[in-house]
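Chemist:
There are 2 protein chains.
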Amino acid sequence: MLDKLDLTKTTDEKKYNETLSSLQDRLGILQRSLRDLNIPTIIIVEGWNAAGITMTVHEIVQALDPRGYTLNAIERPTAEEKSHPFLWRFWRRIPPRGRIGLFARSWYSRAITEEMQNPGWQKSLKGRSNRINKFERQLSDDGAIIFKLFLHISKEEQKQRLEQRERNPLTAWLVTPAIWNVHHHYDDTLPLIDDFIDKTNTDYAPWTVVEATDRKYTILKIYQMLVKTLEKRVAGEKEGKVKNVKAKDLVKPHRIPVQRRSAPESEVTRETGQQILNSLQIEMLEIQYLLFKRKIPLIILYEGWDAAGKGGNITRMTRFLNPLGYYVVPVSAPSPAEQQFHYLRRFIKRFPSGGDIAIFDRSWYGRVLVERVEGYCSEPEWLRAYNEINEIEEDYVTSSGGGIVKFWLEISKDEQLKRFQQRAADPLKVHKITDDDWRNREKWDQYEEAVEEMLARTSTDAAPWTVVESDDKWFARIKTLKTVIASAQRLL
Amino acid sequence: MLDKLDLTKTTDEKKYNETLSSLQDRLGILQRSLRDLNIPTIIIVEGWNAAGITMTVHEIVQALDPRGYTLNAIERPTAEEKSHPFLWRFWRRIPPRGRIGLFARSWYSRAITEEMQNPGWQKSLKGRSNRINKFERQLSDDGAIIFKLFLHISKEEQKQRLEQRERNPLTAWLVTPAIWNVHHHYDDTLPLIDDFIDKTNTDYAPWTVVEATDRKYTILKIYQMLVKTLEKRVAGEKEGKVKNVKAKDLVKPHRIPVQRRSAPESEVTRETGQQILNSLQIEMLEIQYLLFKRKIPLIILYEGWDAAGKGGNITRMTRFLNPLGYYVVPVSAPSPAEQQFHYLRRFIKRFPSGGDIAIFDRSWYGRVLVERVEGYCSEPEWLRAYNEINEIEEDYVTSSGGGIVKFWLEISKDEQLKRFQQRAADPLKVHKITDDDWRNREKWDQYEEAVEEMLARTSTDAAPWTVVESDDKWFARIKTLKTVIASAQRLL
Chain F
2 MLDKLDLTKT TDEKKYNETL SSLQDRLGIL QRSLRDLNIP TIIIVEGWNA AGITMTVHEI
62 VQALDPRGYT LNAIERPTAE EKSHPFLWRF WRRIPPRGRI GLFARSWYSR AITEEMQNPG
122 WQKSLKGRSN RINKFERQLS DDGAIIFKLF LHISKEEQKQ RLEQRERNPL TAWLVTPAIW
182 NVHHHYDDTL PLIDDFIDKT NTDYAPWTVV EATDRKYTIL KIYQMLVKTL EKRVAGEKEG
242 KVKNVKAKDL VKPHRIPVQR RSAPESEVTR ETGQQILNSL QIEMLEIQYL LFKRKIPLII
302 LYEGWDAAGK GGNITRMTRF LNPLGYYVVP VSAPSPAEQQ FHYLRRFIKR FPSGGDIAIF
362 DRSWYGRVLV ERVEGYCSEP EWLRAYNEIN EIEEDYVTSS GGGIVKFWLE ISKDEQLKRF
422 QQRAADPLKV HKITDDDWRN REKWDQYEEA VEEMLARTST DAAPWTVVES DDKWFARIKT
482 LKTVIASAQR LL
Chain C
2 MLDKLDLTKT TDEKKYNETL SSLQDRLGIL QRSLRDLNIP TIIIVEGWNA AGITMTVHEI
62 VQALDPRGYT LNAIERPTAE EKSHPFLWRF WRRIPPRGRI GLFARSWYSR AITEEMQNPG
122 WQKSLKGRSN RINKFERQLS DDGAIIFKLF LHISKEEQKQ RLEQRERNPL TAWLVTPAIW
182 NVHHHYDDTL PLIDDFIDKT NTDYAPWTVV EATDRKYTIL KIYQMLVKTL EKRVAGEKEG
242 KVKNVKAKDL VKPHRIPVQR RSAPESEVTR ETGQQILNSL QIEMLEIQYL LFKRKIPLII
302 LYEGWDAAGK GGNITRMTRF LNPLGYYVVP VSAPSPAEQQ FHYLRRFIKR FPSGGDIAIF
362 DRSWYGRVLV ERVEGYCSEP EWLRAYNEIN EIEEDYVTSS GGGIVKFWLE ISKDEQLKRF
422 QQRAADPLKV HKITDDDWRN REKWDQYEEA VEEMLARTST DAAPWTVVES DDKWFARIKT
482 LKTVIASAQR LL
């Protein structure tokens with residue numbers, strides 16, 4: 002791809018200024034259209050050292066309203082970012098709907114920089130490109146427009162620029178030995194980058210390689226490409242022509258029934274339960290310590306019927322844990338600000354770093370449960386979600402070396418009624434039961450269908466579901482603790 | 002304070018359980034009242050090692066709805082947190098209105114741990130207690146309720162507990178050599194802690210020292226204290242009795258007129274301006290590099306009349322800067338989520354870490370400008386804000402070694418009208434001018450009063466204001482760049 006470039010250069014100064022100025026005006030107008038249409042836009046600027054990445058992003062922002070974009074300069078990850086999977090830090094930086102996220106370098110530079118030192122990087126770089134493609138596809142499916150620019154200069158041109166910078170005392174400090182070192186490896190790096198660009202050149206996030214020898218030419222070329230692509234997209238959106246739904250994801254799978262039981266084989270009395278729990282809780286503290294020592298993260302996730310006992314179960318799970326190493330994430334409806342992002346982002350942000358335990362009280366499965374049943378998202382959206390969730394969970398497990406334990410707390414419809422009535426009759430518990438709970442109960446059958454489909458489609462090798470028979474609270478508390486301990490031991 | 006404790010212990014098991022259970026119910030009810038009243042509550046649990054801090058926070062949360070509290074366990078700061086002033090990380094963790102923020106250890110443990118290694122810690126610890134008092138007073142003035150518990154055990158008791166933990170193979174790993182080391186210094190530490198508690202025992206954030214030898218006694222005592230204090234406060238709030246306004250802050254100061262000029266002494270042509278700017282911009286890049294190298298943070302803040310040219314000025318300021326080391330924070334009205342916190346929090350969160358430049362396009366001064374004039378906050382609130390802002394800025398400068406450059410962009414009322422009309426007449430700029438702008442203009446005199454009072458009351462040694470004569474844009478751009486460069490040079 003790097004060799005098929007149009008090298009025509011613009012020479013007429015006056016004409017250049019006029020053209021640029023008119024393109025800037027059009028980009029400014031487009032920014033406002035994107036805002037009104039609620040479309041998130043990602044513009045990545047990558048390229049060789051000294052190819053003009055900083056200059057280019059600053060040229061692009063000339064046309065933009067500062068309140069509508071964020072400029073992300075990507076450098077080495079912080080210690081916190083390092084203890085998370087590779088893409089975690091970028092999930093946090095994606096722009097909300099209606100805004101532009103500019104990236105001066107991105108996940109591409111990071112992938113190459115982080116892999117090139119390692120032996121066997123060819124294979125691991127392929128793994129990265131797969132993960133990047135999935136990431137970008139998920140953003141694109143969610144409506145994002147993604148531009149990826151690579152600023153290309155020859156080795157000779159790079160050398161001249163570095164030498165020129167060295168001659169100027171005000172810029173000499175910019176040229177470090179590390180940069181010269183990369184320069185000397187230009188020829189080895191070229192095919193690597195070329196291949197990486199090829200592998201990540203998708204229809205939903207295509208690359209534009211720009212010849213960056215002549216600054217004016219570069220800027221004009223980039224503006225033209227941005228304006229042309231965006232005008233087409235905006236016009237399409239306005240005519241309702243854009244379909245960001247992939248047909249293949251919309252096929253409903255044959256439903257595989259999953260065993261769900263609410264009654265345990267044997268009941269547990271309060272006294273016995275308390276005793277068993279106590280020793281499991283101490284064991285759990287030791288597990289926490291071992292995970293911490295080996296920097297292994299763990300996600301424990303609770304879903305279940307209303308009144309199935311999630312809260313009480315979590316309290317028992319954490320009873321003896323050191324609060325330094327665990328946290329509970331109570332999940333409710335997304336705030337207006339959270340709704341401006343891809344629905345997975347608010348959860349991914351709270352994924353644990355190495356050694357931490359994150360407990361989700363409800364989770365991203367809301368997409369295929371409450372959001373599906375109540376119509377808070379469209380059918381294509383929740384149908385797409387199964388695959389998206391499986392990808393995210395698998396990526397998390399693979400890249401972090403951690404685990405995900407997923408509990409579905411099952412109670413019978415009768416048991417739920419009993420608990421609702423008990424709550425309603427107790428002045429101290431009556432606040433726990435709302436009209437919503439009764440309304441949800443009326444939709445039991447629809448929820449049941451959603452639950453079964455969820456269990457069937459998202460119980461993967463990387464992150465299987467455990468159905469917990471929760472008609473008996475003590476049995477349920479013991480089973481979840483035992484399951485977590487056993488799962489964690491397999492990670493250790 | 003540590004020697005005046007009531008050591009009465011509860012022995013009757015049944016009575017104990019009944020009392021505790023009833024207190025838990027009452028605390029649960031209080032949590033919902035605090036939520037309805039929008040009161041943020043902070044509960045700090047401090048104490049000796051092995052005094053039962055983890056156990057205590059877990060006992061407190063037994064009574065709480067998990068969706069209404071956050072448990073913060075405070076450990077060593079991350080690298081990012083370390084590069085900010087001491088209290089920065091805690092500002093980020095304060096609870097929003099209506100929620101409870103529980104702290105297992107807090108700024109107190111951190112202050113002592115971080116200072117004790119240093120020579121001359123007595124003096125620096127005094128500095129910390131002053132800063133903590135200001136911090137807590139600001140939170141309290143904003144309506145927060147602050148509980149501070151210290152769990153006290155004797156040296157002998159601590160020794161026994163540590164030995165007991167060592168004997169149990171499941172908990173032996175908890176007792177590290179570092180913990181024994183602190184134990185051996187118990188007697189030296191005691192007066193230090195006692196003094197620190199005394200110095201930070203204020204009417205707005207009092208300490209409760211709890212004898213923690215007997216677990217049941219401890220829990221009961223804490224519940225009683227929490228319930229009693231909160232019931233009193235909630236009752237007071239409901240009767241509208243609480244006045245969180247300090248009379249001394251409400252005295253309007255004699256207004257000291259500040260020189261404001263909109264016209265520069267000499268005008269600058271576009272050509273000359275462009276040339277001078279260019280060399281200043283390169284100088285600015287070098288300044289950025291030197292700040293980065295020495296890990297000195299810099300805040301540049303812009304306030305000014307509508308159409309005074311803030312945006313264009315910022316674009317020129319950052320023209321050659323490396324995006325890795327600066328960011329622009331465009332400030333608009335707080336989101337509903339941001340409104341749930343102390344108004345300063347959203348700005349403090351964006352304060353730069355060592356080596357970074359943060360540019361605020363509008364700022365926390367909104368409190369004493371637009372919020373004052375438009376009545377978005379009460380008079381006591383904006384009157385209090387001058388002192389709060391001065392404290393925060395001074396704390397930032399003192400603790401970070403960084404600087405704050407504050408620009409007021411002054412234009413004449415006529416010049417503003419001219420610019421408004423130009424914008425309105427240009428189809429590409431008409432979106433920049435809104436009805437709000439015209440409405441604000443009608444209140445010019447009220448804004449002028451607010452501006453003058455702001456300049457007079459917040460131009461401090463640590464962070465002085467620079468009025469920029471902005472009728473001439475080129476003059477203004479040159480002056481701001483020169484001012485930033487000169488200010489930064491004084492820091493280097």
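Heads up: the protein sequence lines correspond to chains F and C, in order. Using this note's numbering, read the first sequence as starting at 2 and increasing by one per residue. Using this note's numbering, read the second sequence as starting at 2 and increasing by one per residue. Cβ coordinates follow ideal geometry from the N, Cα and C atoms, glycine included.
1) Relative to the C-alpha of G53/C, which candidate in A105/C, T435/C, L482/C and S379/C has its C-alpha closest?
2) Hey, does E287/C have any beta-carbon neighbour from chain F nearer than 8 Å?
3) Beta-carbon within less than 6 Å of L126/C's beta-carbon, same chain only, minus the 5 sequence neighbours each way: which residues are those?
4) Counting pairs of beta carbons, one from the region 371-388 of chain C and one from the region 268-288 of chain C, are three or more of them closer than 8 Å?
5) If you count every other CB in all the chains shown that lies within 10 Å of the CB of R33/F, and 16 or more means buried, which is it?
6) Just verifying my parser: in three-state terms, what is the DSSP assignment at D143/F?
7) Report all residues from its chain with a CB closer than 8 Å to the CB of A338/F; omit the five preceding and five following residues, and keep chain order.
8) For P178/C, count neighbouring C-beta atoms within 10 Å of its own C-beta (all shown protein chains included) and say buried if the count is 16 or more, exposed if not.
9) Round the Cβ separation of Y70/F and E137/F to the nearest angstrom and send it over; I've been treating them as touching at under 8 Å.
10) Exposed or buried, K149/F, counting other C-beta atoms within 10 Å across all chains shown (16 or more means buried)?
11) With distances taken between CB atoms, is the gap from D188/C to K160/C smaller than 8 Å?
12) In chain order, what residues of the region 172-190 of chain F put their CB closer than 9 Å to some CB of chain C?
13) Closest Cβ-Cβ distance between S333/C and chain F: below 8 Å?
14) Which one of L31/C, M56/C, D195/C and K433/C has the shortest CA to CA distance from T319/F?
15) Which value, in whole angstroms, describes the spacing of the CA atoms of A173/C and E167/C?
16) Comparing the C-beta of P353/C with each C-beta of chain F, is any distance below 8 Å?
17) Contact defined as beta carbons within less than 8 Å: I believe P298/F pairs with G356/F. What is the distance between those atoms, to the nearest angstrom?
18) Nearest by alpha-carbon distance to E287/C: which of N279/F, E394/F, L175/F and E389/F is it?
19) Please compile the residues from chain F whose C-beta is within a distance smaller than 7 Å of the C-beta of H59/C.
20) Could you please give the first and the last residue of the uninterrupted alpha helix (DSSP H) stretch that includes Y205/F?
21) Please report the Cβ distance between I300/C and F352/C, rounded to the nearest whole angstrom; I am assuming they are in contact, meaning their Cβ atoms lie under 8 Å.
22) Expressed to the nearest angstrom, what Euclidean distance is found between the alpha-carbon atoms of Q340/F and F151/F?
23) Please identify the residue among P41/F, R491/F, A477/F and N18/F whose C-alpha is closest to the C-alpha of E266/F.
24) Please list, in chain order, the residues of the region 65-93 of chain F that have any C-beta partner in chain C closer than 7 Å.
25) If you draw a straight line from the C-alpha of R234/F to the C-alpha of N441/F, how long is it?
26) Would you check if the distance between the CB atom of D362/F and the CB atom of K311/F is smaller than 8 Å?
27) Short of 9 Å Cβ to Cβ, which residues in the region 38-59 of chain C face chain F?
28) Compute the distance between the beta-carbons of A112/F and R129/F, then report whether it is under 8 Å.
29) Please name the residue in S333/C, E14/C, W122/C and L35/C whose C-alpha comes closest to that of R68/F.
30) Nearest-angstrom Cα distance between Q165/F and T484/C?
31) Return yes when the Cβ of I101/C is within less than 8 Å of the Cβ of L140/C, no when it is not.
32) Taking buried to mean at least 16 other C-beta atoms within 10 Å of its own C-beta, is A463/F buried or exposed?
33) Within 10 angstroms of its Cβ, does K1/C collect 16 or more other Cβ (buried), or is it exposed?
34) Could you name the residues of the region 302-319 of chain F whose beta carbon sits closer than 8 Å to any beta carbon of chain C, in the order they occur along the chain?
35) In whole angstroms, give me the CA-to-CA distance for D4/F and H153/F.
36) Suppose the cutoff is 8 Å on Cβ atoms and the five residues either side in sequence are ignored; what does the same chain contact list for S413/C look like?
Modeler: According to the data block:
1) A105/C
2) yes
3) E116
4) no
5) exposed
6) coil
7) P97
8) exposed
9) Between E137/F and Y70/F the Cβ distance is about 19 Å, and since that is not below 8 Å, they are no contact.
10) So K149/F ends up on the buried side.
11) no
12) The residues in question are T172, W174 and L175.
13) yes
14) M56/C
15) 4 Å
16) no
17) Contact flag correct, Cβ pair sits at about 7 Å.
18) L175/F
19) Going along chain F in sequence order, the residues near H59/C (Cβ under 7 Å) are R320.
20) That residue, Y205/F, is in no alpha helix (DSSP H); it is neither H nor E in DSSP.
21) 7 Å
22) Approximately 31 Å between the Cα atoms of the pair.
23) For E266/F, the closest alpha carbon among the candidates P41/F, R491/F, A477/F and N18/F is that of A477/F.
24) P67, R68, L72, A74, E76, T79, A80 and E81
25) 40 Å
26) yes
27) If the cut-off is 9 Å between Cβ atoms, the region 38-59 of chain C has I54, T55, M56, V58 and H59 near chain F.
28) yes
29) Relative to the Cα of R68/F, the nearest Cα in the group S333/C, E14/C, W122/C and L35/C belongs to S333/C.
30) 29 Å
31) No, they are not a contact pair.
32) Answer is exposed; the Cβ neighbour count stays below 16.
33) No information on residue 1/C is available, as it lies outside the stretch 2 to 493 that chain C covers here.
34) Flagged, chain order: G312, I315, T316 and T319.
35) Residue confidence is low: D4/F scores 42 on pLDDT, short of 50, so the model does not pin down where it sits. Its coordinate-derived value is still stated next. Using only the alpha carbons, I get a separation of about 10 Å.
36) Listed in chain order, the non-local C-beta contacts of S413/C below 8 Å within the same chain comprise S263, A264 and D472, local neighbours out to five positions each way being set aside.
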